[in-house]
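Down below is the structure, laid out as structure tokens.
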Amino acid sequence: ALAQLELESGRCGEASQRLQALLQSHPRRVDIAADYGVALICEGQYHDGVKVLEYQRELPGELALHASNALGFAYAKLQSPQDALRALLEALRRDPSRPELWNNAGVLAALRGANDQARKSFARAVVLGDSETH
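Quick note, the sequence shown lines up with residues 1170 to 1303 if you use our numbering.
This is the structure we're talking about:
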């Protein structure tokens, strides 16, 4: 819980260190591993975060959506728009009711200059109830 608070408050380095220690003590906890990947990305260690999250993306359920969303962001930061789009579209195929995924797909489309696609994605996010960027 403390690592989550650190992430939410932008203390990415502290969260990363805490989650790494937790992961060493509990190597089978995929929820900790997913949060560790997000913390690495938050810290700007995109390549390392991608390595952790690519594995998480293959798991069923909520963790895979969380990992795919974070991967979309990381790949965008790594100037790999095709991989970013692949991660977000995979998450949307699994659960198209997630407004944060539509919002982030809109951001990615806008960055690629696909303004019509961006507007559609943003509109879908609004309809589903997301009013903030994740």
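Ideal Cβ placement from N, Cα and C applies to all residues, glycine included.
Let me confirm a value: Gly1298 is counted as buried when at least 16 other C-beta atoms fall within 10 Å, else exposed. Which label applies?
Flag for Gly1298 reads exposed.
Where the alpha helix (DSSP H) through Gln1286 begins and ends
Element bounds for Gln1286: 1284 to 1297.
Rounded separation between Ala1279 and Ala1245 - CA only
C-alpha of Ala1279 to C-alpha of Ala1245: approximately 12 Å in a straight line.
Quick one: measure Cβ to Cβ for Leu1270 and Ala1260, integer angstroms, because I've assumed they're closer than 8 Å.
Taking the Cβ atoms as the reference, Leu1270 lies roughly 5 Å from Ala1260, within the contact range of under 8 Å.
Under 6 Å Cβ to Cβ from Ala1292, same chain only, skipping five residues before and after it: list those, please.
Nothing listed; no residue qualifies.
Three CB pairs or more closer than 8 Å across the stretch 1200 to 1217 and the stretch 1226 to 1240
Yes: at least three Cβ pairs fall under 8 Å.
Go ahead and pull the three-state DSSP assignment for His1216.
If DSSP states are grouped into helix, strand and coil, His1216 belongs with the helices.
Among Leu1234, Asp1285, Val1199, which one has its Cα closest to the Cα of Ala1256?
Checking every option, the nearest Cα to that of Ala1256 belongs to Leu1234.
Per-residue DSSP class, three states only, for Val1221:
Residue state, collapsed to three classes: helix.
Short of 6 Å in beta carbon distance, which residues of its chain neighbour Val1219, apart from the five on each side in sequence? Order them along the chain.
For Val1219, where only same-chain residues beyond five positions count, the Cβ hits under 6 Å are Ala1243.
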